Ligand code: NDP
């Protein structure tokens, strides 16, 4: 039986509707909208698209966004000064710094400068520590989106074998931690792993976040597994047309898996919806203080 196509786009729409209801309630109670500051340094076209999408969707759910689009020549000190002023701005509940930052600016220094309570990306060491302690406050958006999709499809994840491919700080590591917190048996594989296909074939849940088209094929997928494809890769087809694909051979996964997310329309929309959800969470937490 072919796999179910896990529709991240539809689920994200539902999530945004819930955030819109929550944001309206927050605004009625406090007299102001939840606020998201979006900081972009430079003019990387992909980053510009991401930032525009985030601000448009924020507006749609009743979250005010405050864009700070800075010249590529902006220095680290200037950026840190901006973060400091956003930390102190009461209308700002969430601060998002679009990555990657230009060479010469320390990502770690910038991310650590963000008030952990406004760290809607969940990258601050305080939030990383809270997640690993099993008491998360702000959870990174992409892994959170994956977790919500998995829980929606599978219910209780306890005892399931999960394999995460990729160990980045923004996707792979927090994903593995979330799955462990959900009582899965978790393995992380990466570029140095041996017997990757064998490891992946054990997985009831396979989350792939690498950035290599076609990395995961039939030999990596256990029949009936749930496969989440986080990868986003731009490729050219035989006609020279550019299109987006994930890291998973989608046709092979459809044949074998129990469920699989498409690219586009899978994890990407969930990431943005979770950013909005985190912003509302941050706003509520700040107003309760
Ligand atoms: P990184 O480049 O930071 O990390 C990639 C990881 O993949 C590394 O841990 C690397 O291992 C591992 N890797 C590389 N080659 C292989 C291989 N041949 N076999 C196994 N593992 C390998 O990427 P990100 O985590 O930031 O992003 C991953 C993908 O997800 C990208 O395509 C990105 O565009 C996409 N993405 C999508 C999002 C969404 O919303 N859908 C959000 C964020 C990212 P090692 O550590 O050993 O080098």
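Residue numbers (my numbering): 1484 to 1772. Ideal placement from N, C-alpha and C gives every residue a C-beta, glycine not left out. This one's a predicted model, so the numbers in the text were calculated from it and none came from an experiment.
>> As a quick exercise: from 1575, 1738 and 1541, pick the residue whose alpha carbon is nearest that of residue 1707.
In response: Considering only alpha carbons, the answer is 1738.
>> Going by beta-carbon coordinates alone, are residue 1740 and residue 1709 separated by less than 8 Å?
In response: yes
> Hey, residue 1752 and residue 1488: beta-carbon distance below 8 Å or not?
Replying inline: no
> Start and end of the beta strand (DSSP E) containing residue 1548?
Replying inline: It spans 1547 to 1553 - the beta strand (DSSP E) in which residue 1548 sits, taken as one unbroken run.
> Looking at residue 1679 and the ligand NDP, is the gap between the Cβ and the nearest heavy atom below 7 Å?
Replying inline: Indeed, a heavy atom of the ligand NDP lies less than 7 Å from the Cβ.
> Residue range of the beta strand (DSSP E) that residue 1726 falls in?
Replying inline: 1725 to 1728
>> Please report the distance separating the alpha-carbon of residue 1717 from that of residue 1730.
In response: Annotation: residue 1717 to residue 1730 spans about 11 Å, alpha carbon to alpha carbon.
>> In chain order, what are the residue ranges of uninterrupted alpha helix (DSSP H) at least 4 long that sit wholly in the stretch 1628 to 1686?
In response: 1655 to 1664 and 1679 to 1683
>> Given the structure, does residue 1698 come close to the ligand PLP, in the sense that its CB is under 7 Å from one of the ligand's heavy atoms?
In response: Here the bound small molecules are the ligand NDP; the ligand PLP is not part of this structure.
> Are residue 1692 and residue 1713 touching if we call contact CB-CB under 8 Å?
Replying inline: yes
>> On the DSSP letters alone, give me the boundaries of the beta strand (DSSP E) that residue 1716 sits inside.
In response: 1716 to 1719
>> So, for residue 1526: in the same chain, excluding its five sequence neighbours on each side, which residues have a beta-carbon less than 8 Å away from its beta-carbon?
In response: Taken in chain order, the residues that qualify are 1555.
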